[in-house]
Amino acid sequence: MNKSELIESLAARKALSFKKAEEIVNAVFGSMTDALLSGDRIEIRGFGSFVVKEYEAYTGRNPKTGESIAVRAKKLPFFKVGKELKEKVSG
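Counted the way my numbering counts, the sequence shown spans residues 2 to 92.
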């Protein structure tokens with residue numbers, strides 16, 4: 002399911018216009034993005050949690066040339082599946 006399909010599903014389930022459903026989905030994603038950018042953790046009970054993981058800089062290797070490359074430190078979003086969702090998906 003992509004974002005457009007999510008919007009269409011919300012509109013159909015709640016008898017909303019596509020435009021209104023799009024505003025709701027964008028507001029939710031915007032709030033989640035803002036929370037992660039400010040370093041907050043997002044936890045949705047029964048679904049999962051989102052956190053930002055920090056990775057230290059390291060020396061990598063270009064697989065084509067074998068040359069050593071400095072890889073900068075970075076922060077990446079990480080999703081951990083909740084117990085209830087995991088159980089539903091696995092049957």
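Glycine included, C-beta positions come from ideal geometry on N, C-alpha and C.
Only a predicted model underlies this, so the values are computations on that prediction, with no experimental measurement involved.
* To do: Keeping to the same chain, check which residues put their C-beta closer than 8 Å to that of Leu7; ignore five residues upstream and five downstream.
  => Mapped onto the sequence shown, residue 7 falls at position 6. Hits under 8 Å: Val26.
* **Beta carbon of Phe30 nearer than 9 Å to that of Gly49** => By 1-based counting over the sequence shown, the position of residue 30 is 29. By 1-based counting over the sequence shown, the position of residue 49 is 48. Not closer than 9 Å, so no.
* Asked: By Cβ distance below 7 Å, which residues in the same chain neighbour Lys21 in space, the five residues on each side in sequence not counted?
  -> Against the sequence shown, residue 21 aligns to sequence position 20. Beyond the five residues adjoining it in sequence on each side, Lys21 comes within less than 7 Å, by CB distance, of no other residue in the same chain.
* Asked: CB-CB under 7 Å to Ala36, same chain, minus the five flanking residues each way: which ones, in chain order?
  -> By 1-based counting over the sequence shown, the position of residue 36 is 35. Cβ neighbours of Ala36 beyond the five flanking positions: Ile43.
* To do: Return helix, strand or coil for Thr66, following the three-state DSSP convention.
  => Position 65 of the sequence shown holds residue 66. The answer is coil: DSSP assigns Thr66 none of H, G, I, E or B.
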